[in-house]
Amino acid sequence: MAVKMGNLRFTAGCAVLLSLLVTTEALTQDKLDSICSLGPSDQYYFAHPLSCKRFIQCDTSRRGFEMPCAPDNCWNQAILSQDHCSNVDCNHVADASLPPGCTPLNDQPYSTTDPSKTWGTNTELQGLVPPSKRWGSHRATGALPTHHFAINQLKKGMSPIRQMPYAIVMGADGIVYDSYATLDRWNKSSRTDQMQEQTLSEQGKPWNKVTSMGTNVKQLVAGPDGNPTAIFDGKSGLKVSIAGSSDPTLEDFGELYANFLFSGTGGGKMEVPIVRGSPLMTHRITNANPNIRAFCLYSVNGQQVPIRPPCPTEPSAADGGEGFLEGTCDRGELVILLHSTKPLDVSLVQWAGAPSSQWPRSHNMHNCMSSTCSLANGNRTVTIRTGLSNGAFSFAVNVIYHYVLPNDWINHPELKTCRSLATSTNRRRRDTSNTLPSSTKFVLEVDEPRGRIKKQTRKFVLYFSTAMTPKVETNGDLTFSPHTGGKFTGIMQLAYSGVSPRGNLAVADFLDRYANTYAYKPETKYCVKGDKGYISFDWNKQIVKGISGSGQLLMVVMPHHEQLLKGQGGFITGTPYGFKALAADSWLQELDLPDGSMEPDMTAVQKIKQNAQQHQDIMKALDSDVRQQPLTPVCKASNSYGAGKAIGAAARLASISRAFGTTHYKSLDVQIEECLELWLRIKDGLANSNKLHYDTVWGGLMVRGVPDGQPINLGADFGFPTYNDHHFHLGYFMYALGYYTKYYPSWAKANRERILFLARDVGNPSYRDTHFPIVRHKDTFMGFSWATGVGPGTRQEESASEAINCYHGLAALGFGTKMASVEQMGRLMLAQEIASVREYWQVRPHNLHHFPPTLQTYGVVGQIGEGSFYLYTLDWACDPNWFPMRHACLVGIQSIPITAVSKYWMDKDWAVSVSKVCGWALNPTSAPGSNLVDKSKLTPVVKGWAAFCHAATSHASASAQVAAANYVKSVPFNQLVPGTTTSGTLLFIYGST
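According to mature numbering (1 follows the signal peptide of the UniProt record, and there is no 0), the stretch in the sequence shown is residues -26 to -1, 1 to 967, in order.
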């Protein structure tokens, strides 16, 4: 295992290790004081982040001092004292500080100029989508991070926080946790929900969908095994509360954390530091006894509880498909047949039946029982024996969470004439109470929802910093109080430990050795040195007195981290979450950086020039593109997305012109300048609905989307007013600015602040710029961006390639203006985005096991969404909007726009992965099962989206390259997808640039 300390890199186990651990590198006084001030107020000794041979001592004013250890001694944070070095594991003290001479970009704001002084202010969001009161006074000190991982609990229309590996909801009644998106949930076929709205049916059998040609998919990751299609809404897992609690407030936040405070009666408080990737959820409790509701609780430390708490069933997120209803008679008895396009869970099926004369006053729904309902046809047909006989009957069926048949079932039920039974049973649970044995560790064994998996239970673990006594309340809740009496002040750790057979508690031991540490207000830093970029996570480890453990801090490693943390230590496998983990106080991720320029690679250009046919193809296409490109009219009339794509395409053409030595760029440059000056509001002429303003409510740029005098349109420009898609739209403008500012530096200098408003809105690196949040859309932990803003719903991202284009544009803007910090931040964010897109959006040989079998076949993901993680669907209609043609649009939306950096993810591996579905989309009759459907619906996908499939697969083979070039050359310019050009696509096909 490699361990990096200070400026040195060592291998654990070397005889010289301990002597080398004495580094001469010192911490700044600010860093020392920060360690003391951020730590628990009653703790005065902390591990040194650079060396086992030193420690940090704090005085009563929380000022920090570096202290040396005695000879042969090392600091042991587990006992808060020096210890013989043979007893101390120094391997985990991995220093991930930034490389020497690599200045953090966090300290380099692009500007701090107030944008409202230039573009004016707007406050309309305060009355429509205001920040939650949970934000407290944070807006007074800076812009609010509209895409922060905790935003789902900090905006109107709340939904769960997805912390990884937990989902979390909060209220005045407490905070609820459940496991979320574990790796086995990512890839299990049983969790793959086929949304078949765009799947063609077999002729004559509308309930038989031909999914072999393709289907929409969402991979359901929120529910436990007993309810795998569930939407987590706080009715599973564990709820933690304190008496008399108020609604929580956000005390502090950073890119990797959000600290919430619950205030209760009698001075009771509970601070919850939610940290990305932490397997242990920490609760810093003062003067309060925590109450735990463990939904479906079965036992505590192996002892069955005398009172069972509620075991509710959360609603399903699965698409129930469509149903067809018919009534038949069997020897005079009404028999209902429900045919479904998708397999049914019979426990979700209800039916109502009654003599038609009684229906208006008697139409109660009955649950399907084994005595009345049976499944057939692969669980897609339910036969319901009603027990109703001899008469005219009315009936209806309800599939809970999905659909009811007929739609207006009360007023217009289905009818059948033929020739009554109703049974019900009720059980009453006896309430009692009991006190369980005291301990510092409690294993809570909970049943799977619905009791589906009889012999399997889920395990949660609680660790306390002092011995606690649990009492089972009359409602099944557990109240924990110190075994010595009084109120609890200390630390409670909570963890999910996986599933195992009932009574087998061994899985609950996995986190024992890590239970006495937690991350607290971790710090993220970015820097660039040459062509290498670095992102460090300093977890700010805290040690818990009273909980035994190794003193090692364990954090969950997401798949893309494995690629970026090479050399920092051995990954730990066998975690309850499926993902690997790493025991280290800090992480240093290293990335190879793409070039900052947006212009074509000149080596590739020279090679194309030497190929007469390829050169001729591009020159002919360039001439045609320039004559037909619509920048001027689109710029003035379209919204920020339409105008952005048009100016991005024009800049791509201009850069190609300069690279190949033509003069086409001259007319393009005039149009690019005119468009930039309109949208930067250097000149007037843009409709008021499209003019950028500064929103003072959240802190960022916005457009109203409607003329002055009308109420703001929150859905305008694809939700731009509510911070949807800023990186998509502004990314195109920054890309164009990257081109234009390079060749017109005087113009760039004159308009510097306006240009930087765009860069700051989506790419701000520093909290010192209080007008904009840190890299607005970026999820620093997951590495990719989220498109959804402060409107209702969970975070989601469709076009990952347009997110890449944003950071490519940011880097290009810095390159063009010679602003090093802008270029460096852009290159670093670009490299991180590409690494994550290759890991989560694209199926590749190394990551097949991340995806369910259906997506392994398709080779690409349509969206990442917090509710379902992987989705294979679109937010808009393809043409035709049926599979298999729809595959081309799903590949295309992950390819647009094609630029000089497309080669970093549109490579041979991915070309091979999507070749199958692109082949089906381009030649629909070749798709498996196409012989079963109406042939008239199998028309090829429109040419613009077909061109993307050809471009994406062009590097699979030499023949694919030829076929792609020939096809793209045949597509008229006006049939291309806006933002795309023939010459730009050919340049990628021929030269990967």
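For each residue, glycine too, the CB sits at the ideal point set by N, CA and C. What you are looking at is a predicted structure, and each value in this text was computed from that prediction instead of being measured.
DSSP places residue 75 outside both helix and strand once states are collapsed to three, so it counts as coil.
Going by DSSP, residue 258 is part of the beta strand (DSSP E) stretching over 255 to 260.
Residue 783 places its beta carbon 8 Å or farther from that of residue 570. Annotated as distal: residue 81 and residue 876, with beta-carbon spacing of 8 Å or more. Note on the stretch 266 to 318: whole beta strand (DSSP E) runs with a minimum of 3 residues are 271 to 274, 297 to 304 and 307 to 314, in chain order. Of all C-beta pairs linking the stretch 273 to 292 to the stretch 450 to 463, three or more are shorter than 8 Å, placing the two stretches in contact. Within its own chain, the residues whose Cβ lies closer than 7 Å to the Cβ of residue 209, once the five positions on either side in sequence are excluded, are 269, 286 and 288, listed in chain order.
As for any alpha helix (DSSP H) of minimum length 4 sitting wholly inside the stretch 765 to 848, the runs are 774 to 791, 794 to 814 and 827 to 832, ordered along the chain. The count of Cβ pairs closer than 8 Å, one atom from the stretch 557 to 574 and one from the stretch 87 to 96, stays below three, leaving the stretches out of contact.
Residue pairing by DSSP puts residue 359 in a beta bridge opposite 309. Looking at the DSSP output, residue 58 bridges to 47. In chain order, 657 place their CB closer than 7 Å to the CB of residue 651, counting only its own chain and leaving out the 5 sequence neighbours on each side. Its chain contains 313 as the residues whose beta carbon lies nearer than 6 Å to that of residue 355, once the 5 sequence neighbours on both sides are disregarded; these appear in chain order.
According to the DSSP secondary-structure assignment, residue 675 is paired through a beta bridge with 668. The C-beta of residue 929 has 16 or more other C-beta atoms within 10 Å across all chains shown, which makes the residue buried.
Beta-bridge annotation (DSSP): residue 472 is paired with 433. When 369, 362, 308 and 317 are compared, the shortest CA-CA separation from residue 338 is found for 369. Using a 10 angstroms sphere on the CB of residue 384, the tally of other CB atoms stays under 16, which defines it as exposed. The three-state secondary structure of residue 621, taken from DSSP, is helix. With fewer than 16 other CB atoms across the displayed protein chains lying within 10 angstroms of its CB, residue 39 is exposed. Sorting 610, 682, 668 and 44 by C-alpha distance to the C-alpha of residue 647 places 610 at the top.
Of the residues assessed, residue 159 falls on the buried side of the cut-off, its CB having 16 or more other CB atoms within 10 angstroms. For residue 390, there is no enclosing alpha helix (DSSP H); the residue is part of the beta strand (DSSP E) that begins and ends at 388 to 391.
DSSP places residue 371 in the strand class (E or B) of the three-state scheme. Under DSSP, residue 347 takes part in a beta bridge, and its partners are 358. If you check the CB distance, residue 168 and residue 191 come in under 8 Å. Around the C-beta of residue 274, 16 or more other C-beta atoms lie within 10 Å, and the residue is accordingly described as buried. Note on the stretch 469 to 529: whole beta strand (DSSP E) runs with a minimum of 3 residues are 491 to 493, 497 to 503, 506 to 512 and 515 to 517, in chain order.
From the listed residues 437, 242 and 3, the smallest Cα separation to residue 30 is found for 3. Its chain contains 342, 347, 349 and 356 as the residues whose beta carbon lies nearer than 7 Å to that of residue 320, once the 5 sequence neighbours on both sides are disregarded; these appear in chain order. About 5 Å separates the beta carbon of residue 599 from that of residue 957, a gap short enough to meet the 8 Å contact definition. Residue 908 and residue 920 have their C-alpha atoms some 22 Å from each other. For residue 546, the secondary structure class from DSSP, reduced to helix, strand or coil, is strand. Ranked by Cα distance from residue 542, the first of 498, 561 and 88 is 561. In the DSSP annotation of this structure, residue 461 is not part of any alpha helix (DSSP H), being labelled neither H nor E. Residue pairing for residue 28: DSSP places it in a beta bridge opposite 42.
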